[in-house]
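Numbering (numbering that gives the first Met the number 0), first residue to last: 0 to 332. A short write-up of the structure that comes next.
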Amino acid sequence: MYSIEWKKRGLPHAHILIWLRNKIKADQIDSVISAELPDPERDPRLFEIIIKTMIYCPCGSINSNSPCMENKKCTKRYPKQLLHDTETGDDGYPSYRRRSSEDGGIKAKIKTPFKKLKLTTTHINVEYCNSVKSIKYICKYVNKGSDQTVFGLGRDGAPVDEISNYQLGRYISSNEAAWRILDFPIHERYPTVVHLENGQHIYFTEDNVHEKVNEPPRTTLTAFFLLCQKDDFAKTLLYCDVPKYYTWNASEKVFKRRVQGTAVLGYPDVREGDALSRVYTVHPNNFECFFLRLLLYAVRGPTLFEALGTVNGRICATFREACQLHGLLEDDQ
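Here it is, written out as structure tokens:
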């Protein structure tokens with residue numbers, strides 16, 4: 000997943016989170032990420048790029064007026080501790096190998112972690128996320144809102160119009176405005192979570208293409224439809240309520256009833272857990288997926304995509320029409 004962000008200087012940059020198929024171990028991190036200067040004699044090209052784009056601005060006792068300084072300390076935790084080997088910590092963030100000059104390193108204290116790529120000549124900060132804590136922070140960061148500045152004087156207890164404050168205080172540069180007007184992407188997730196019928200991603204070879212087309216892989220959404228076809232209790236649920244009573248079996252791609260939790264009245268074999276869930280957001284520009292998501296919060300126990308688009312026995316041509324008939328959209332009537 001990624002999100003595009005703009006700084007006050009007006010240029011965009013991307014925050015990207017990538018999940019690997021196979022988890023890398025601590026002793027493999029150094030082969031992917033480095034926080035040390037490369038040898039200028041062995042790799043002068045990479046050395047030149049790193050010196051130009053990846054050196055953190057001096058701070059601390061060297062430069063107490065640096066923007067990162069707060070209460071006489073660097074908010075980015077520089078300079079970093081010198082280490083002979085990379086270590087993984089309990090907070091989800093590793094301490095990268097930064098060797099001293101005597102230990103074979105070169106001015107390692109002010110280096111930002113980077114990937115050993117020479118395809119780009121720009122600043123690319125690469126970090127290893129090895130726990131839920133760090134991943135939660137990144138997911139939150141890539142979805143954060145725009146910069147805002149709002150101030151005003153008012154009486155105590157006076158009503159606050161948060162929508163107007165947001166519109167008045169939101170800061171958008173000319174470059175960001177042009178980006179949005181031209182409808183360039185600002186956020187994307189892969190693989191697709193909320194998708195239309197037959198819209199899931201399929202991986203195939205020449206040998207299994209017909210099998211994959213005839214029986215595409217199940218997603219949590221299509222598995223929910225299948226669950227509603229076979230489970231009477233599931234027919235009473237909205238899509239967002241399923242994790243309270245079922246767990247997702249990733250290997251079999253099916254929902255299975257919880258075995259622990261509070262018994263549900265009238266359904267002695269069903270247990271309710273304390274899991275919280277939400278359906279991933281969809282941009283309104285993606286019309287049908289956006290309206291599909293609205294229906295998933297309104298229609299209980301759908302067995303097919305067609306069932307979501309059926310209102311009082313009427314099969315709607317689009318999910319937008321179904322939302323309209325359900326009263327989920329405003330109109331002149």
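We put the beta carbon where it would ideally sit given N, CA and C, even for glycine.
{"query": "According to DSSP, residues forming a beta bridge with Cys73", "result": "Met68"}
{"query": "Boundaries (first-last residue) of the alpha helix (DSSP H) holding Phe46", "result": "Pro43 to Thr52"}
{"query": "Under 7 Å between C-beta atoms of Phe290 and Arg319", "result": "yes"}
{"query": "Distance CB(Leu225)-CB(Ala233) smaller than 7 Å", "result": "no"}
{"query": "Residues of its chain near Tyr127, where Cβ-Cβ distance is below 7 Å and the 5 sequence neighbours each way are ignored", "result": "Ile28, Ile32 and Pro93"}
{"query": "Chain-order list of residues whose beta-carbon lies under 8 Å from that of Cys73 (same chain, five-residue window excluded)", "result": "Cys58, Gly59, Ser65 and Cys67"}
{"query": "Straight-line Cα distance separating Lys24 from Leu167", "result": "48 Å"}
{"query": "Stretch-stretch touch, CB-based, cutoff 8 Å, three pairs: the region 242-252 with the region 286-306", "result": "no"}
{"query": "DSSP state of His14 mapped onto helix, strand, coil", "result": "strand"}
{"query": "C-alpha distance - His325 paired with Leu294, whole-angstrom precision", "result": "9 Å"}
{"query": "Proximity of Lys243 and Gly272 at Cβ, strictly below 7 Å", "result": "yes"}
{"query": "Cβ-based burial, Ile48 [other Cβ within 10 Å; buried from 16]", "result": "buried"}
{"query": "Stretch-stretch touch, CB-based, cutoff 8 Å, three pairs: the region 3-18 with the region 163-183", "result": "yes"}
{"query": "Contacts around Ala13, its chain only, beta-carbon distance under 6 Å, and the 5 residues preceding and following it disregarded", "result": "Tyr1 and Ile3"}
{"query": "Cα-Cα separation between Tyr296 and Cys315, rounded to whole angstroms", "result": "18 Å"}
{"query": "Spatially closest choice to Arg277 from Glu305, Arg270 and Leu237, by CA coordinates", "result": "Leu237"}
{"query": "Thr346 - containing beta strand (DSSP E), residue span", "result": "Absent from the structure is residue 346, since the part of the chain shown begins at 0 and ends at 332."}
{"query": "One or two residues paired with His325 in a DSSP bridge", "result": "DSSP lists no partner for His325."}
{"query": "Endpoints, the beta strand (DSSP E) within which Val269 is located", "result": "Tyr266 to Glu271"}
{"query": "For Lys7, the nearest candidate out of Asp38, Leu327, Cys239 and Tyr170 (CA to CA)", "result": "Tyr170"}
{"query": "Alpha carbon of Glu205 to alpha carbon of His194, nearest angstrom", "result": "25 Å"}
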